[in-house]
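Our numbering puts the first residue of the sequence shown at 5, with every later residue one more than the last. By construction, the Cβ of each residue, glycine as well, lies at the ideal position given by its N, Cα and C atoms. Written out below as structure tokens is the structure these notes cover.
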Amino acid sequence: MTDIKSNLEKIKAQLPDHVKLVAVSKTKPNEDIQAAYETGQRIFGENKAQEMQGKAEELPKDIEWHMIGHLQRNKVKYIAPFVSLIHSIDSWRLLKEVNKRAKNEDRVIDCLLQIHIAKEESKFGLDEDELADILYSEEFENLENIRIVGLMGMATLTENEEQIRREFKSLKDLFDKLKKDKFALEDSFKELSMGMSSDFKIAIEEGSTMVRIGSDIFGARNYG
Ligand SMILES: *Cc1c(COP(=O)(O)O)cnc(C)c1O
Numbered sequence: 005m006t007d008i009k010s011n012l013e014k015i016k017a018q019l020p021d022h023v024k025l026v027a028v029s030k031t032k033p034n035e036d037i038q039a040a041y042e043t044g045q046r047i048f049g050e051n052k053a054q055e056m057q058g059k060a061e062e063l064p065k066d067i068e069w070h071m072i073g074h075l076q077r078n079k080v081k082y083i084a085p086f087v088s089l090i091h092s093i094d095s096w097r098l099l100k101e102v103n104k105r106a107k108n109e110d111r112v113i114d115c116l117l118q119i120h121i122a123k124e125e126s127k128f129g130l131d132e133d134e135l136a137d138i139l140y141s142e143e144f145e146n147l148e149n150i151r152i153v154g155l156m157g158m159a160t161l162t163e164n165e166e167q168i169r170r171e172f173k174s175l176k177d178l179f180d181k182l183k184k185d186k187f188a189l190e191d192s193f194k195e196l197s198m199g200m201s202s203d204f205k206i207a208i209e210e211g212s213t214m215v216r217i218g219s220d221i222f223g224a225r226n227y228g
């Protein structure tokens, strides 16, 4: 059996104070989330909107739910009332939909822009041109119900640590650049979500402020 409590303790001991832990609970049952909750964990990450919605209904209300997976526009409505951070904004149309649904709920939803840093074609995320198109458009300034609080990225799935490090470094460089010009006046732009079970130590060395860890806490997943 997976010992969620001791896994969490082991991981937390490796995280500097400024790094937040998102416990990635996708595909895992409520009992596992509850076990982590009882050790004090409050941030959980899911990658499917309806699964997150169902869990949020049944579990304690002070959990902060983070959407970490590719989000379809027609699913935003399921999470708009309660989601606390969306890591995976990967298109202008998705950002506009989140803004619209947040407005309906009379709230401002915090978002990260997901940047494509991996060599793999299959990973989602914006390239630098798409990012610039979003951030420097006039319309962007009119989105009053979203707040961009940072960037997210996933490194290539590889054994090559130097490649992983290089990809994280490139995301940190981009983050620093945006922090200096586009978001210079916005203290809330401060999160860099990078690092999963296999590469979070490298991610932290390269400037991550938020790691998304699933299997090292809850054990291997059968699917998802
Ligand atoms: C599943 C997932 C994770 C967690 O992966 P582990 O290898 O289980 O730690 C992190 N980020 C995203 C975007 C994921 O989909």
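Neighbourhood of residue i by C-beta, 6 angstroms cutoff - its chain only, sequence neighbours within 5 removed
| i | result |
| --- | --- |
| residue 228 | Unreliable positioning characterises residue 228 in this predicted model, as indicated by a pLDDT of 49, which lies under 50. A coordinate reading is not provided. |
| residue 156 | 91, 116, 118 and 197 |
| residue 79 | 53 |
| residue 60 | 69 and 86 |
Whether residue i touches residue j by CB criterion (8 angstroms)
| i | j | result |
| --- | --- | --- |
| residue 106 | residue 150 | yes |
| residue 208 | residue 168 | no |
| residue 213 | residue 24 | yes |
| residue 221 | residue 17 | no |
| residue 109 | residue 85 | yes |
| residue 114 | residue 135 | no |
| residue 217 | residue 37 | no |
| residue 98 | residue 75 | yes |
Contacting residues, own chain, Cβ-Cβ under 8 angstroms from residue i (five flanking each side not counted)
| i | result |
| --- | --- |
| residue 46 | 66, 67 and 68 |
| residue 147 | 99, 100 and 103 |
| residue 73 | 30, 50, 51, 52 and 92 |
| residue 112 | 106, 148, 149, 150 and 151 |
Neighbour-count burial assignment, residue i, 16 or more Cβ in a 10 Å radius
| i | result |
| --- | --- |
| residue 203 | buried |
| residue 5 | exposed |
| residue 44 | exposed |
| residue 41 | buried |
| residue 7 | exposed |
| residue 195 | buried |
| residue 12 | buried |
| residue 189 | exposed |
| residue 22 | exposed |
| residue 159 | buried |
Simplified DSSP state of residue i, which is helix, strand or coil
| i | result |
| --- | --- |
| residue 219 | helix |
| residue 53 | helix |
| residue 42 | helix |
| residue 67 | coil |
| residue 177 | helix |
| residue 195 | strand |
| residue 187 | coil |
| residue 228 | A caution first: residue 228 carries a pLDDT of 49, below 50, which makes its placement in the model unreliable, though a value can still be read off. Three-state result, residue 228: coil. |
| residue 111 | coil |
| residue 58 | helix |
| residue 99 | helix |
| residue 23 | coil |
| residue 121 | coil |
Contacts around residue i, its chain only, beta-carbon distance under 7 angstroms, and the 5 residues preceding and following it disregarded
| i | result |
| --- | --- |
| residue 56 | 50, 69, 71 and 83 |
| residue 192 | 151 and 153 |
| residue 210 | 169, 172, 173 and 176 |
| residue 144 | 138 |
| residue 184 | none |
CB contact below 8 angstroms: residue i versus chain B
| i | result |
| --- | --- |
| residue 68 | Of the protein chains in this structure there is only one, and it is not chain B. |
Beta-bridge partners of residue i, as assigned by DSSP
| i | result |
| --- | --- |
| residue 151 | 114 |
| residue 89 | 70 |
| residue 129 | Answer is none; residue 129 lacks a bridge partner. |
| residue 28 | 49 |
| residue 157 | 119 |
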